[in-house]
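Asker:
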Amino acid sequence: MTFDDIDYWVALLGTSAIAADRYEYDAENRLTTVRGSGGQYKLRIWYDALGRRILSETYDASGDPVKTTRHIYDGLGSVVGPPHCVSTR
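Count along the sequence shown from 1, add 994, and you get the number used in the working numbering.
1. Per DSSP, L1037 forms a beta bridge with which residues?
2. Ignore the nearest five residues each way along the sequence and tell me which others in G1057's own chain have a CB closer than 7 Å to its CB.
3. Between the alpha carbons of R1024 and I1048, how many angstroms are there, rounded?
4. Exposed or buried, M995, counting other C-beta atoms within 10 Å across all chains shown (16 or more means buried)?
5. Under 8 Å by Cβ, that's how I've got V1028 and D1020 pegged, so tell me the actual separation to the nearest angstrom.
6. If you check the beta carbons only, do G1045 and E1022 fall under 9 Å apart?
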C-alpha cells in the first residue's frame, strides 16, 4: 500500500477510523476489509489474480452496503476511466 492509498482510505473513512477500526489484509499485504469497533463492515475490497483492485464496497454505520464500485482495466492493465459505481443504496 502506498501513501496515496492510505490518503484515499483516510479521506473515505475519516480520521476517526484510525483508532477504533480493525484492518484486514490478504497474503499479499493488500487491504481487504475494514471493520468498525463492533465488528461491522465499513469497507471490503476484492482483487483479481493479477493483484488489481476489481471491486470495493462501502458500508453504513450499521454494516449495510451503501456503495459498490467496480474497477475496470484494459488489456495492458491500465485503469479504464474512473471507477464505475455499480450501485448506491
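C-beta: ideal position from N, C-alpha, C; glycine also.
Source: prediction; values computed, not measured.
Answerer: Result, derived from the coordinates:
1. Residue 1037 sits at position 43 when you count from the first residue of the sequence shown. According to DSSP, residue pairing for L1037 in a beta bridge involves V1028 and T1052.
2. Within the sequence shown, numbered from 1, the residue matching residue 1057 stands at position 63. Same-chain partners within the cutoff: Q1034 and Y1035.
3. The residue you call residue 1024 lines up with position 30 of the sequence shown. The residue you call residue 1048 lines up with position 54 of the sequence shown. Spanning the two alpha carbons is a distance of roughly 13 Å.
4. Taking the sequence shown and counting its residues from 1, the one referred to as residue 995 is at position 1. Residue placement at M995 is flagged as unreliable, the pLDDT there being 49, under the threshold of 50; a coordinate-derived value is accordingly withheld.
5. For the purposes of this step, residue 1028 is taken as the residue at position 34 of the sequence shown. For the purposes of this step, residue 1020 is taken as the residue at position 26 of the sequence shown. No, V1028 and D1020 are not in contact; Cβ-Cβ is about 13 Å, not under 8 Å.
6. Counting from one through the sequence shown, the residue named residue 1045 turns up at place 51. Counting from one through the sequence shown, the residue named residue 1022 turns up at place 28. In this structure, E1022 lies closer than 9 Å to G1045 by Cβ.
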